[in-house]
Amino acid sequence: MMEMVDVWKRYPIHGGHHQVLKGVNLSVSIGEKLGILGRNGAGKSTMIRLISGAERPDQGQVTRKMSVSWPLAFGGAFQGTLTGLDNLRFICRVYGVDPKDKVDFVDDFAELGPFLREPVRTYSSGMRARLAFALSMVIEFDCFLIDEVVSVGDSRFTAKCELELFQKRKDRAMIIVSHDVNYLKKHCQKIVLLQDGQIRTGENIDEVLRIYSKS
Numbered sequence: 001m002m003e004m005v006d007v008w009k010r011y012p013i014h015g016g017h018h019q020v021l022k023g024v025n026l027s028v029s030i031g032e033k034l035g036i037l038g039r040n041g042a043g044k045s046t047m048i049r050l051i052s053g054a055e056r057p058d059q060g061q062v063t064r065k066m067s068v069s070w071p072l073a074f075g076g077a078f079q080g081t082l083t084g085l086d087n088l089r090f091i092c093r094v095y096g097v098d099p100k101d102k103v104d105f106v107d108d109f110a111e112l113g114p115f116l117r118e119p120v121r122t123y124s125s126g127m128r129a130r131l132a133f134a135l136s137m138v139i140e141f142d143c144f145l146i147d148e149v150v151s152v153g154d155s156r157f158t159a160k161c162e163l164e165l166f167q168k169r170k171d172r173a174m175i176i177v178s179h180d181v182n183y184l185k186k187h188c189q190k191i192v193l194l195q196d197g198q199i200r201t202g203e204n205i206d207e208v209l210r211i212y213s214k215s
């Protein structure tokens with residue numbers, strides 16, 4: 001289970017601070033697919049960073065009793081001077097996984113060809129995203145974090161990503177944050193609304209969507 005209890009988070013701004021989260025309570029169990037719906041700027045990405053452990057709350061507690069991924073397709077942590085292959089080796093060392101077992105998968109899935117052995121700084125944004133998604137699948141987390149719609153490359157590659165994630169790993173927990181209602185309805189068993197720094201729930205998905213449409 002992953003649980004957030006009375007979580008508060010704010011960031012300094014000129015002349016004061018901006019309170020992003022205000023006493024958020026949330027829990028996700030193994031196998032559950034939870035969607036967090038919110039307008040742009042509602043704090044969805046802040047939620048993901050707190051859940052992943054990339055940031056800490058100012059107040060409250062985030063408890064993880066299962067392994068949690070970094071946000072899928074996030075390439076911000078790449079070492080640009082290293083090759084794609086060396087980035088794979090680094091991630092595998094961090095998580096205690098033998099990279100030899102993963103090279104063929106990443107090579108085949110990311111479709112980078114010889115660029116897998118070139119420095120990541122030479123990659124286009126699309127190439128970085130394909131590598132980042134492939135590396136996200138290398139570690140078998142209990143819970144995957146998805147910040148906005150998984151859209152990596154063309155429609156064919158996006159379909160490939162959705163198969164790898166939502167079908168082959170359908171037994172895992174997933175937390176998907178987005179403002180795309182249809183995407184959340186397609187993939188989530190439950191949807192909550194992040195509004196004014198707080199989580200709002202309803203008796204069912206349709207009720208949450210009605211609240212969202214009026215916000």
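Residue numbers (UniProt numbering): 1 to 215.
Cβ coordinates follow ideal geometry from the N, Cα and C atoms, glycine included.
- Classified as buried, Gly-35 has 16 or more neighbouring CB atoms from the shown chains inside 10 Å of its CB.
- In this structure the stretch 64-74 does not touch the stretch 115-127; the number of beta carbon pairs closer than 8 Å is below three.
- By the neighbour-count criterion, in which 16 or more other beta carbons inside 10 Å mark a residue as buried, Arg-128 falls on the buried side.
- Secondary structure at Arg-10: strand, using DSSP grouped into helix, strand and coil.
- Beta-carbon to beta-carbon, Met-1 and Leu-194 are separated by about 20 Å, too far to satisfy the 8 Å threshold.
- Bounds of the alpha helix (DSSP H) holding Asn-182 are 181-187.
- In this structure His-187 is buried. Its beta-carbon is surrounded by 16 or more other beta-carbon atoms within 10 angstroms.
- Just so you know, the alpha carbons of Ile-13 and Phe-78 end up roughly 28 Å apart.
- Three or more Cβ pairs drawn from the stretch 105-117 and the stretch 127-142 lie within less than 8 Å of each other, which places the two stretches in contact.
- In the DSSP assignment, Arg-64 falls within the unbroken beta strand (DSSP E) covering 59-64.
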